[in-house]
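Colleague: I'd like to ask you about the structure that follows.
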Amino acid sequence: MKPDHASPDHLRDFTTDARVLLVAAIAMVVATAGLFAGIALLKLIRLATNIAYFGQFTLADLKLEDTPLGYASVIVPVIGALIIGLMARFGSEKIRGHGIPEAIEAILLGRSRLDAKVAILKPLSSAISIGSGGPFGAEGPIIMTGGAIGSLIAQMLPVSDNERKTLLVAGAAAGMTTVFGTPIAAIMLAVELLLFEWTPRSFIPVAVAAIIAEVERTMLHLPGPIFPFQGGMEVSFVGLAGWVAIGVCAGLLSGLLTQMVYACEDGFQKLPIHWMWWPMLGGLVVGIGGLIEPHALGVGYDNIANMLDGRTIATAALILLVVKAIIWSVALGSGTSGGVLAPLLIMGGAMGAVLAGVLPAADPGFWALLAMAATMGGTMRAPLTATFFAVELTGNTHVLVPLIAACVTAHAVTVLLMKRSILTEKIARRGHHLVREYRVDPFALTRVREVMTSEVESVPATMTLHGAAAFLTAPETRHPSFPVVDENRQVLGLIDPPAILRWRRAGTHRTTTLGALLAGSKVTLAYPDEYLEGLSDKLLMANVSHLPVVTREGSQLVGYVGWKDMMRVRSRKQAEERDRSALLGFGTRRRKQDGAEQDRVG
């Protein structure tokens, strides 16, 4: 006899089994592939930059502001945008945008399947976009590319949709780790944004991928932390007020930047030209912005380093913030290819540098760092990711508390002010609603005995077919189906009008008993101690709306449960969120009790 997995004896904290080890092993391969894809993307960006602005086929670290092109540099982003528009139209439209929404959409709506063209064209288009001056980061494209690699590897193997999703996210985490050397933040990004669950079956392989990528990038002597920072601030209530203030400002900036991006996108939607040409117009704005502030072009990692070192004065930071915000929102709204993390860090850091003069005293670069993380956390609605990201970028664990205070504050501001984040708004505009609140399913916490009907109306096995038909059609009969029981209260089956009709059509004699009709039939049963999570599967498999509930020992009828009983559990859960009461309000409780007693008396 097979074990009953609905039995409490077989329940566990987690449903994960040993197969997670196999998926973790595959994730190691995905991580290595994602690592090399990330390195290739970084080199492609540098090569594209040197070709576009210096005419040199070299990987040397040349600075955009040193270009000899002068005013002619305005045309460089336009040419790069034209190439991207052609690649998107005739290659794959999925390369448009900053990558993370496309990865989310593939996970939720596309069974975690990404094609090979995305894995090739996304990093190539991003390298051209950023290399030609696009004000973007490399992390979004490499997250998309790493995810595509993980998805492609998974598609070649016999895995489930959930396992394919895990490997896609593992590739994305490995890619982010490669670019920034932030494995913990990459894992948190997966949990807060990409996995849409919190289970060991997905968490373990993703963590393995991020760790492997970090070990391998260290062996390849890639820098880490890439923005060392040892500054800090004394912990005090005055300091706390400053952390909260910078978080509020970062939250407001996050909302403004999100609105700017989608206002620009709406503007491009109204143009009477094909979307292939939109990036060119965005590229023109980028080129003009580059003449005003050359530091606003490209990934701008030097800007981050200068802000953390305290070398960016308030005036320069303000100009950088305004120019970067305008060209970034216009370019991103035009549908070109590039990431959002690095720009958010730069714009947030610039705001922090501007506000540093009016905030409590701290080490140079401290307020810029908090503003960077808070702006990233608020805009992406991922406060934990932003907190650990800033810590790993700088190697400074002493600023962990100020960081989480600022990031949580920014998160609160954006959650209260905006319906969606910059990442989910695009998906919503395509007609799909996302919920990013992860909760335990109430079906997994509620037993059948808590919702079943205990006083069950049943019919005896000795009742005839004619008697059953009369009973079911009688005016006083209140239910559509009833369990049939023998003299020991053991359930033989269920009867309902369709079953009676089938037997009558089959020519069954009217005096045949229900016991004879149901003899040998298979009955799906529920048990008082099983959880509704398993019950829903039983109802679906049996294609019925109700099930008899019996004891495990003697299989005797003790209740009846149906889909309406299950729906009441969800209604009760909603009431727990909606209804408010003071449990310790003794006077209030007494008045309610008195009122209830008066109602009963009346």
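If you count the sequence shown from 1, you need to add 578 to reach our numbering.
C-beta: ideal position from N, C-alpha, C; glycine also.
(1) Grouping DSSP H, G and I as helix and E and B as strand, with all else coil, what is Leu800?
(2) Does the count of Cβ pairs from the stretch 640-659 and the stretch 827-838 closer than 8 Å reach three?
(3) Can you grab the Cα-Cα spacing for the pair Thr893 / Ala939, in whole Å?
(4) Looking at C-alpha atoms only, which residue of Thr890, Leu767, Ala705 and Arg1146 is the closest neighbour of Pro679?
(5) For the stretch 609-619 against the stretch 775-792, do three or more pairs of beta-carbon atoms, one drawn from each stretch, fall closer than 8 Å, so that the two count as touching?
(6) Going straight from the alpha carbon of Thr836 to that of Val908, what length do you get?
(7) What residue range is occupied by the uninterrupted beta strand (DSSP E) comprising Tyr1105?
(8) With DSSP collapsed to three states, give me the class of Gly888.
(9) Between His1087 and the rest of its own chain, which residues show a CB-CB distance below 8 Å, the 5 nearest in sequence each way excluded?
(10) If you follow the alpha helix (DSSP H) that Val696 is in, where does it begin and where does it stop?
(11) Out of curiosity, what's the CA-to-CA distance linking Thr953 and Met1145?
(12) May I ask you to report which of helix, strand or coil DSSP gives Arg1025?
(13) Residue range of the alpha helix (DSSP H) that Pro1061 falls in?
(14) Anyone know if the C-beta pair for Pro719 and Leu619 falls short of 9 Å?
(15) Count Cβ pairs between the stretch 981-993 and the stretch 817-825 that sit closer than 8 Å; are there 3 or more?
(16) Tell me the DSSP secondary structure of Gln808 in three-state form.
(17) Kindly list the residues whose CB is nearer than 6 Å to the CB of Ala928, restricted to its own chain and excluding five residues on each side of it in sequence; keep chain order.
(18) Got a sec, what are the start and stop residues for the alpha helix (DSSP H) Leu948 sits in?
(19) Locate the alpha helix (DSSP H) running through Leu1125, then write down its first and last residues.
(20) Please go through the same chain and pick out, in chain order, the residues whose beta-carbon is closer than 6 Å to the beta-carbon of Val747, but skip the five residues on each side of it.
(21) Just to confirm my understanding: we take Asp1064, look at its own chain, exclude 5 residues before and 5 after, and list those with CB closer than 7 Å. What are they?
(22) According to DSSP, is Thr548 helix, strand or coil?
(23) Using CA coordinates, which residue listed in Gly725, Ile870 and Ala903 is at the minimum distance from Ile685?
(24) Using only the heavy atoms of the ligand MG, determine whether one of them is closer than 8 Å to the beta carbon of His976.
(25) Please report the distance separating the alpha-carbon of Arg1008 from that of Gly845.
(26) Measure from the alpha carbon of Val662 to the alpha carbon of each residue in Gly677, Ile891 and Ser915, then state which is nearest.
(27) Apart from the five residues just before and just after Met950, which ones in its own chain have a Cβ nearer than 6 Å to its Cβ?
(28) When you compare only the Cα positions, how much space is there between Gly956 and Ala1104?
(29) Assign Tyr1016 to one of two classes, buried (16 or more other C-beta atoms within 10 Å of its C-beta) or exposed (fewer than that).
(30) So, at 6 Å on beta carbons, what are the nonlocal neighbours of Arg1027 in its own chain, with the 5 sequence-adjacent residues on each side left out?
(31) Pick from Arg795, Trp1141, Glu1108 and Lys1142: whose alpha carbon is nearest that of Val589?
(32) Taking Pro801 as the reference, which of Pro736, Val696 and Gly973 has the closest Cα?
(33) How close, in whole Å, do the beta carbons of Leu660 and Met858 come, if the pair is a contact with beta carbons under 8 Å?
Modeller: Let me spell this out:
(1) In this structure, Leu800 counts as coil in the three-state DSSP scheme.
(2) Taking a cut-off of 8 Å on C-beta distances, the stretch 640-659 does not touch the stretch 827-838, as fewer than three cross pairs fall below it.
(3) So the alpha carbons of these two residues sit roughly 19 Å apart.
(4) With respect to the C-alpha of Pro679, the residue from Thr890, Leu767, Ala705 and Arg1146 having the closest C-alpha is Leu767.
(5) For the pair of segments examined, the stretch 609-619 was found to touch the stretch 775-792: the number of CB pairs separated by less than 8 Å reaches three.
(6) Distance between the alpha carbons of Thr836 and Val908 is about 11 Å.
(7) Note, Tyr1105: premise wrong, no beta strand (DSSP E); not H, not E.
(8) Coil.
(9) Result list for His1087: Leu1043, in chain order.
(10) Start and end: Ala694 to Gly709.
(11) C-alpha of Thr953 to C-alpha of Met1145: approximately 40 Å in a straight line.
(12) Here DSSP, grouped into helix, strand and coil, assigns Arg1025 to strand.
(13) DSSP places Pro1061 in no alpha helix (DSSP H) but in the uninterrupted beta strand (DSSP E) bounded by Phe1060 to Val1063.
(14) In this structure, Leu619 lies closer than 9 Å to Pro719 by Cβ.
(15) Contact between the stretch 981-993 and the stretch 817-825 is present, because at least three Cβ pairs lie under 8 Å.
(16) Coil, per DSSP.
(17) Ala895, Leu898 and Leu899, listed in sequence order.
(18) Element bounds for Leu948: Phe944 to Met958.
(19) No alpha helix (DSSP H) holds Leu1125; the beta strand (DSSP E) holding it covers His1124 to Val1128.
(20) Excluding positions up to five away in sequence, the list reads Ala768, Leu772, Leu773 and Val784.
(21) Once the five neighbours on either side are set aside, the close Cβ partners of Asp1064 are Ala1039, Leu1070 and Gly1093.
(22) No information on residue 548 is available, as it lies outside the stretch 579 to 1180 that the chain covers here.
(23) Looking at the Cα atoms, Gly725 is the closest of the given residues.
(24) In the structure on display, the ligand MG does not appear, and there are no ligands present to speak of.
(25) Near 17 Å, if we compare the C-alpha coordinates of Gly845 and Arg1008.
(26) The displayed chain sequence assigns Ile, not Val, to residue 662. Nearest option by C-alpha distance: Ser915.
(27) Taken in chain order, the residues that qualify are Leu923, Gly926 and Gly927.
(28) Cα-Cα distance, rounded: 46 Å.
(29) Exposed.
(30) For Arg1027, where only same-chain residues beyond five positions count, the Cβ hits under 6 Å are Pro1106.
(31) Looking at the sequence shown, residue 589 is not Val but Leu. When the alpha-carbon of Leu589 is set against those of Arg795, Trp1141, Glu1108 and Lys1142, the nearest one is in Glu1108.
(32) Comparing Cα positions, the closest option is Gly973.
(33) Contact between Leu660 and Met858 is confirmed by a C-beta separation of about 5 Å, below the 8 Å threshold.
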